[in-house]
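Before any comments, here is the structure.
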Amino acid sequence: MLNIDISSLPINPLFMLAAADKTFNDIVVLLVMAVIFGLIALYLRLPLIIGFIIVGIAAGPSLFEWQLAFEEIELLAELGMSLLLFVVGLKLDVRHLKSIGKAILVAGIIQMAVSIGLGYPLTLLIGLSGVDAAYVAVSLGFCSTIIIVKLLSDKGEADSLHGRIGVGILVLDDIVVVLVMIIITSFAGNKNANLFHEIAIVFAKGIGLVALTIFFMNYILPKLFSKFAESAELLVLASITCAFSFAVFSGYMGFSKEVGAFLAGVALASTDYREVIGSRLVALRDFLLLFFFVDLGMKLDTHSLGSQAWGAIPLALFVLIFKPTIVAIILNMLGYRKRTSFLAGMLVSQTSEFSLILVALGLRLNHINEHIVSLVTLTAIITIGLSSYMIFYANEIYQFLSPYFRNFGNRNTHMDEEMDAVLSSRKKNDIIIFGLGTYGSGIATSLMQRGYSVLAVDFDPQVVKNWNAKGGTALFGDAEDQEFPSTLPLSNTKWVVSAINNRSINVLLVKALENYNYEGNIAVTSKDDHEADDLKALGADIIFFPHEDASIEAANRWVEADNHVRRLKMDKKIKALTDHYIVCGFGRMGQQIGKDFEHNNIPYVVIESNKEQIPILRSQDVPYIKGNASDDDVLLKAGIERAKGLIAVNATDEENVFIVLTARGLSSDLYIVARSILQENEDKLKRAGANRVMSPYILGGNRMALAVLHPEAIELFGLQLNGAQIQIEIANIQLPEESCVLSKTIADSGLHKIAGIALVALRHSDGEITVNPTLDTQLKCGDEVIITGTVSQIERVKKLIDEQS
Numbered sequence: 025m026l027n028i029d030i031s032s033l034p035i036n037p038l039f040m041l042a043a044a045d046k047t048f049n050d051i052v053v054l055l056v057m058a059v060i061f062g063l064i065a066l067y068l069r070l071p072l073i074i075g076f077i078i079v080g081i082a083a084g085p086s087l088f089e090w091q092l093a094f095e096e097i098e099l100l101a102e103l104g105m106s107l108l109l110f111v112v113g114l115k116l117d118v119r120h121l122k123s124i125g126k127a128i129l130v131a132g133i134i135q136m137a138v139s140i141g142l143g144y145p146l147t148l149l150i151g152l153s154g155v156d157a158a159y160v161a162v163s164l165g166f167c168s169t170i171i172i173v174k175l176l177s178d179k180g181e182a183d184s185l186h187g188r189i190g191v192g193i194l195v196l197d198d199i200v201v202v203l204v205m206i207i208i209t210s211f212a213g214n215k216n217a218n219l220f221h222e223i224a225i226v227f228a229k230g231i232g233l234v235a236l237t238i239f240f241m242n243y244i245l246p247k248l249f250s251k252f253a254e255s256a257e258l259l260v261l262a263s264i265t266c267a268f269s270f271a272v273f274s275g276y277m278g279f280s281k282e283v284g285a286f287l288a289g290v291a292l293a294s295t296d297y298r299e300v301i302g303s304r305l306v307a308l309r310d311f312l313l314l315f316f317f318v319d320l321g322m323k324l325d326t327h328s329l330g331s332q333a334w335g336a337i338p339l340a341l342f343v344l345i346f347k348p349t350i351v352a353i354i355l356n357m358l359g360y361r362k363r364t365s366f367l368a369g370m371l372v373s374q375t376s377e378f379s380l381i382l383v384a385l386g387l388r389l390n391h392i393n394e395h396i397v398s399l400v401t402l403t404a405i406i407t408i409g410l411s412s413y414m415i416f417y418a419n420e421i422y423q424f425l426s427p428y429f430r431n432f433g434n435r436n437t438h439m440d441e442e443m444d445a446v447l448s449s450r451k452k453n454d455i456i457i458f459g460l461g462t463y464g465s466g467i468a469t470s471l472m473q474r475g476y477s478v479l480a481v482d483f484d485p486q487v488v489k490n491w492n493a494k495g496g497t498a499l500f501g502d503a504e505d506q507e508f509p510s511t512l513p514l515s516n517t518k519w520v521v522s523a524i525n526n527r528s529i530n531v532l533l534v535k536a537l538e539n540y541n542y543e544g545n546i547a548v549t550s551k552d553d554h555e556a557d558d559l560k561a562l563g564a565d566i567i568f569f570p571h572e573d574a575s576i577e578a579a580n581r582w583v584e585a586d587n588h589v590r591r592l593k594m595d596k597k598i599k600a601l602t603d604h605y606i607v608c609g610f611g612r613m614g615q616q617i618g619k620d621f622e623h624n625n626i627p628y629v630v631i632e633s634n635k636e637q638i639p640i641l642r643s644q645d646v647p648y649i650k651g652n653a654s655d656d657d658v659l660l661k662a663g664i665e666r667a668k669g670l671i672a673v674n675a676t677d678e679e680n681v682f683i684v685l686t687a688r689g690l691s692s693d694l695y696i697v698a699r700s701i702l703q704e705n706e707d708k709l710k711r712a713g714a715n716r717v718m719s720p721y722i723l724g725g726n727r728m729a730l731a732v733l734h735p736e737a738i739e740l741f742g743l744q745l746n747g748a749q750i751q752i753e754i755a756n757i758q759l760p761e762e763s764c765v766l767s768k769t770i771a772d773s774g775l776h777k778i779a780g781i782a783l784v785a786l787r788h789s790d791g792e793i794t795v796n797p798t799l800d801t802q803l804k805c806g807d808e809v810i811i812t813g814t815v816s817q818i819e820r821v822k823k824l825i826d827e828q829s
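By my numbering, the letter at position 656 of the sequence shown is numbered 680, and the numbering carries on one by one without gaps.
Encoded structure:
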């Protein structure tokens with residue numbers, strides 16, 4: 025029987041098993057600790073990254089001197105970094121880079137340049153020098169991709185203006201950090217390398233690596249992955265294999281493995297499977313990144329934390345205060361408002377996970393030592409922790425600090441000048457709509473096609489430009505900016521509609537409108553009934569549900585709501601009228617009567633049954649009742665019991681007879697004027713109760729004859745009707761029973777002494793008319809004085825009679 029001493033073997037299987045068990049146990053311990061500290065970070069509203077770094081500190085040799093599986097954890101951390109950059113490259117969309125705009129490019133580049141440029145002398149002041157100072161300064165210029173995106177998603181602000189600016193800056197950060205990593209790999213192990221020589225070499229290698237990536241992207245990967253895509257599991261496996269294969273090749277070329285993984289992602293970004301691959305790799309990426317942050321915590325030298333704190337604190341203050349201030353100033357100079365500039369600036373108030381990746385790479389390349397890694401990591405812990413609170417409560421911080429920003433950001437930008445030009449050209453708006461996405465633009469287009477005046481507002485300058493190019497009218501603005509509504513023409517706007525499906529934005533908009541005493545109606549979008557109830561309680565009049573309502577259906581609902589609100593306001597206005605006139609019929613004669621009434625500020629209500637005339641009444645904002653004027657209920661709704669007179673100008677004499685009969689039955693004192701088309705119907709209308717019957721044909725004929733016989737007279741009395749500047753009026757004033765002018769002559773009453781008044785006639789109580797009365801004509805109870813003159817002269821006559829009553 026063969027006896028073998030296992031302990032004498034070159035590779036001891038028992039030792040291997042024991043080592044494997046220890047590695048497995050160590051990783052399980054780390055995972056349990058990560059869950060516990062992750063829950064604590066979640067409770068404290070901190071990013072999980074902070075909890076994971078603390079796990080590494082607790083498990084690291086510098087604190088408890090535990091002997092965990094360091095090499096295995098470093099391997100997992102390296103895999104996590106490579107996979108992170110692979111996913112970043114996978115989602116790199118060149119079209120997005122073209123559309124992020126001037127503001128993002130300028131703010132992002134200047135922020136990085138200034139932060140690095142001023143960060144370098146700051147690192148010199150805390151005692152660093154050379155390459156160490158350069159690494160720390162560069163790490164200060166980057167912002168956290170994971171932190172910002174996570175916080176914006178939690179707050180529902182990923183699509184806000186400041187959120188989009190922040191994400192745009194992150195895209196620039198990701199690109200720049202990859203370029204930096206490509207450059208620094210050329211100096212591996214050599215701090216004194218010739219800069220230009222090494223850059224030339226790395227540039228040549230980089231061209232070769234990029235050329236190889238383009239070749240695979242265009243000719244190899246699309247064909248291969250079309251086969252892999254037949255199986256979801258094989259597609260994910262092939263993607264990971266591609267990422268790590270590129271990483272290995274990049275290492276052979278003298279670059280970091282992370283650069284190769286990034287290029288692999290870029291190569292696959294052109295395929296149709298990038299969204300599927302990216303979504304399936306997110307969980308694996310986050311799991312492996314856990315070990316990267318744990319590894320950073322393990323390498324943090326806790327024994328030197330006291331000395332490192334003196335360097336980390338000024339660096340952290342620089343990141344927390346200076347970087348946001350720079351971005352806010354730049355954005356404000358580019359035309360963004362104070363609130364948007366402030367909130368976007370807050371998003372860059374931390375160092376990035378890429379900063380940690382950068383210094384970890386520098387440590388692996390022997391450019392820097394663990395002391396520098398610990399310094400940058402401690403700075404990251406401070407800034408990520410504090411900035412998370414700052415970003416989460418950014419709105420509250422802005423409200424607290426806003427009084428100190430009054431002199432910051434004066435309105436002197438090209439955007440404000442464009443806004444002033446647009447607003448000055450618009451006299452009225454039926455609706456102001458916030459948000460020109462698919463839903464909002466659909467509502468706006470549908471309403472414009474129906475003849476409504478629509479003013480749109482969007483936070484994307486390119487969207488505003490495209491909308492205006494299509495013939496619409498749009499302004500650049502942010503619905504979250506509570507100062508922005510003060511710049512809008514709210515006083516002549518009937519509706520403000522938010523097509524932005526975000527509760528916090530809608531709440532801010534409704535409150536801002538209330539603060540500026542907006543008296544119109546408000547419509548907002550909502551995700552569910554509970555949210556809708558909250559918005560209605562705040563003051564919203566109508567709620568849209570984008571997931572249920574198509575944009576055209578939403579426009580239909582808005583039109584119905586607008587008609588309902590207009591009807592309620594009109595009914596309220598009609599109920600408040602007294603001594604008004606009721607015009608029955610809104611044809612050509614009724615419209616002319618309405619114009620004359622409006623010209624003389626005489627209140628009136630129209631009753632119209634013809635549906636073709638209703639849009640005209642609505643467009644002119646004329647108080648009206650839809651219905652038949654011979655119905656009791658319709659006349660009562662028009663306020664006949666409070667009216668001073670009624671004019672019946674319907675299309676036929678028969679209709680006018682019934683109107684007069686009904687009106688007289690409801691009000692015995694009402695003064696009724698009726699139109700008669702046929703002369704033989706005049707007596708019928710008078711018997712029905714009309715005080716005055718007028719035939720447009722007879723009046724027209726008489727006037728034409730007068731124009732021939734006495735042209736001067738027709739010109740005089742035509743002044744008022746034609747809207748000339750000299751407004752000659754004809755008025756009849758009934759003398760009240762208690763008037764002191766009764767039983768006096770015209771000479772004794774003093775009426776003739778008012779300059780400019782012509783006493784045309786007296787209508788006596790028995791119906792007899794005295795034309796051109798003499799001064800000794802006696803005034804009697806029930807007489808009506810018929811005079812001509814300007815409006816002010818007639819008012820003086822009325823005042824004289826009232827004073828003598």
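Beta carbons: idealized from backbone N, C-alpha and C, even for Gly. As the structure is a prediction and not an experimental result, all values here were calculated from the model.
* Coil, strand or helix - T814 by DSSP -> On the sequence shown, position 790 is the one that residue 814 refers to. Reduced to three states, the DSSP call for T814 is strand.
* Asked: What are the start and end residues of the alpha helix (DSSP H) that includes D656?
  -> Here the question's residue 656 lines up with position 632 in the sequence shown. Here the alpha helix (DSSP H) through D656 covers 656-661.
* Asked: According to DSSP, is L786 helix, strand or coil?
  -> In the sequence shown, counting from the first residue as 1, residue 786 sits at position 762. Strand.
* To do: With a threshold of 16 other CB atoms inside 10 Å of the CB of H120, please say whether the residue is buried or exposed.
  => The residue you call residue 120 lines up with position 96 of the sequence shown. At H120, the pLDDT of 47 sits below 50, so the modelled position is not reliable and the matter cannot be decided from this model.
* Sub-8 Å separation of P71 and I408 beta-carbons -> Residue mapping note: residue 71 aligns to position 47 of the sequence shown, counting from 1. Residue mapping note: residue 408 aligns to position 384 of the sequence shown, counting from 1. In contact: P71 and I408 (Cβ atoms closer than 8 Å).
* With distances taken from CA atoms, which of H391, A131, V717, S379 is nearest L702? -> On the sequence shown, position 678 is the one that residue 702 refers to. Among H391, A131, V717, S379, the Cα nearest to that of L702 is on V717.
* Output the distance between the C-alpha atoms of A480 and F458, rounded to the nearest integer angstrom. => Counting from one through the sequence shown, the residue named residue 480 turns up at place 456. Counting from one through the sequence shown, the residue named residue 458 turns up at place 434. Those two C-alpha atoms are separated by around 6 Å.
* To do: Output yes or no for whether 8 Å exceeds the beta carbon distance between K193 and V372.
  => As a working note, residue 193 is residue 169 in the sequence shown. As a working note, residue 372 is residue 348 in the sequence shown. According to the sequence as given, residue 193 is Ile; it is not Lys. Yes, the Cβ-Cβ distance between I193 and V372 is below 8 Å.
* Asked: By Cβ distance, which residues of its chain are closer than 6 Å to R666, with the 5 residues on each side in sequence left out?
  -> Within the sequence shown, numbered from 1, the residue matching residue 666 stands at position 642. For R666, where only same-chain residues beyond five positions count, the Cβ hits under 6 Å are T602.
* Asked: Does the Cβ of K635 have 16 or more other Cβ atoms within 10 Å, making it buried, or fewer, making it exposed?
  -> As a position in the sequence shown, residue 635 is number 611, starting the count at 1. Looking at its Cβ environment, which holds fewer than 16 other Cβ atoms inside 10 Å, K635 is exposed.
* Work out the CA separation of Q486 and Y417 for me, nearest whole Å. => For this step, residue 417 is matched to residue 393 along the sequence shown. For this step, residue 486 is matched to residue 462 along the sequence shown. Distance between the alpha carbons of Y417 and Q486 is about 29 Å.
* Bridge partners of M718, per DSSP? -> In the sequence shown, residue 718 corresponds to position 694, counting from 1. R699, per the DSSP bridge assignment.
* To do: Please state whether DSSP places D296 in a helix, a strand or coil.
  => Numbered from 1 along the sequence shown, position 272 holds the residue referred to as residue 296. The answer is coil: DSSP assigns D296 none of H, G, I, E or B.
* Rounded C-alpha distance that separates V201 from F166 -> Here the question's residue 201 lines up with position 177 in the sequence shown. Here the question's residue 166 lines up with position 142 in the sequence shown. Straight-line Cα distance between these residues: approximately 8 Å.
* Is it right to say G104 is buried, meaning 16 or more other beta carbons lie within 10 angstroms of its own, or is it exposed? -> Numbered from its first residue, the sequence shown carries residue 104 at position 80. Flag for G104 reads buried.
* Asked: Can you name the start and end residues of the beta strand (DSSP E) that A498 belongs to?
  -> Numbered from its first residue, the sequence shown carries residue 498 at position 474. Per DSSP, A498 belongs to the beta strand (DSSP E) from 498-500.
* **Residue range of the unbroken alpha helix (DSSP H) whose run includes L367** => Along the sequence shown, one-based indexing puts residue 367 at 343. First-last of the alpha helix (DSSP H) with L367: 362-370.
* To do: Determine whether the Cβ of V784 lies closer than 8 Å to any Cβ atom of chain D.
  => Given the protein chain composition of this structure (a single chain), no chain D is represented.
* When DSSP builds the beta bridges, which residues end up paired with L479? -> Here residue 479 refers to the residue found at position 455 of the sequence shown. The partner list for L479 (beta bridge, DSSP) reads I456.
* Shortest alpha-carbon distance to L783 belongs to which of V520, F378, E792, Q817? -> Position 759 of the sequence shown holds residue 783. Among V520, F378, E792, Q817, the Cα nearest to that of L783 is on Q817.
* Would you decide whether I811 is buried or exposed? Buried here means 16 or more other CB atoms lie within 10 Å of its CB. => Reading the sequence shown from its first residue, position 787 is the one you call residue 811. With 16 or more other Cβ atoms within 10 Å, it is buried.
* **In DSSP terms, what W334 is bridged to** => Indexing the sequence shown from 1 puts residue 334 at position 310. None, per the DSSP bridge assignment.
* Could you have a look at N545 and say whether DSSP puts it in helix, strand or coil? => As a first step, residue 545 must be located in the sequence shown, where it is residue number 521. In this structure, N545 counts as strand in the three-state DSSP scheme.
* Give the DSSP-derived three-state secondary structure of G230 in the structure shown. => Sequence index remark: in the sequence shown, residue 230 carries index 206 (1-based). Three-state result, G230: helix.
* Asked: Counting only runs that start and end within the segment 601-680, where is the alpha helix (DSSP H) found for 4 or more residues in a row?
  -> 612-623, 638-643, 656-661
* Asked: Would you report the Cα separation of G289 and F48, rounded to the nearest angstrom?
  -> Position 265 of the sequence shown, counted from the first residue, corresponds to residue 289. Position 24 of the sequence shown, counted from the first residue, corresponds to residue 48. When rounded, the distance between both Cα atoms is 31 Å.
* By a C-beta neighbour count over all protein chains shown, 10 Å radius and 16 as the cutoff for buried, is E632 buried or exposed? -> Indexing the sequence shown from 1 puts residue 632 at position 608. With 16 or more Cβ atoms within 10 Å of its Cβ, E632 is classed as buried.
* Is L26 helix, strand or coil by DSSP? -> In the sequence shown, counting from the first residue as 1, residue 26 sits at position 2. For L26, the predicted model reports a pLDDT of 48, less than 50, meaning its position is unreliable and no value from the coordinates is stated.
* Asked: Between the C-alpha atoms of S153 and G335, what's the straight-line distance to the nearest angstrom?
  -> As a first step, residue 153 is located in the sequence shown; it is residue number 129 there, counting from the start. As a first step, residue 335 is located in the sequence shown; it is residue number 311 there, counting from the start. Cα-Cα distance, rounded: 13 Å.
* Asked: In or out: V306 buried (at least 16 other Cβ within 10 Å) or exposed?
  -> On the sequence shown, position 282 is the one that residue 306 refers to. V306 is exposed by the Cβ-count criterion.
* CB contact flag (A267, F483, <8 Å) -> Here the question's residue 267 lines up with position 243 in the sequence shown. Here the question's residue 483 lines up with position 459 in the sequence shown. Not closer than 8 Å, so no.
* Alpha carbon to alpha carbon, how far is A498 from N580? Give it in angstroms, no decimals. => As a working mapping, residue 580 is identified with position 556 in the sequence shown. As a working mapping, residue 498 is identified with position 474 in the sequence shown. Their backbone Cα atoms lie some 22 Å apart in a straight line.
* Asked: Which residue from D677, G496, S643, A687 puts its Cα closest to that of D656?
  -> For the purposes of this step, residue 656 is taken as the residue at position 632 of the sequence shown. Answer by Cα proximity: A687.
* Asked: Can I664 and L641 be called in contact, C-beta distance under 8 Å?
  -> Counting from one through the sequence shown, the residue named residue 664 turns up at place 640. Counting from one through the sequence shown, the residue named residue 641 turns up at place 617. No, they are not a contact pair.
* Counting only the same chain and skipping the five closest in sequence on each side, list residues whose C-beta sits under 6 Å from that of I628. => Within the sequence shown, numbered from 1, the residue matching residue 628 stands at position 604. According to the sequence shown, residue 628 is Tyr rather than Ile. Closer than 6 Å at the Cβ level, and outside the excluded window around Y628, lie H604, Y605, V607, F621.
* Would DSSP call H438 helix, strand or coil? -> As a working mapping, residue 438 is identified with position 414 in the sequence shown. For H438, the pLDDT reaches just 48, beneath the cut-off of 50, and the residue's location in the model is therefore unreliable, leaving the point undetermined.
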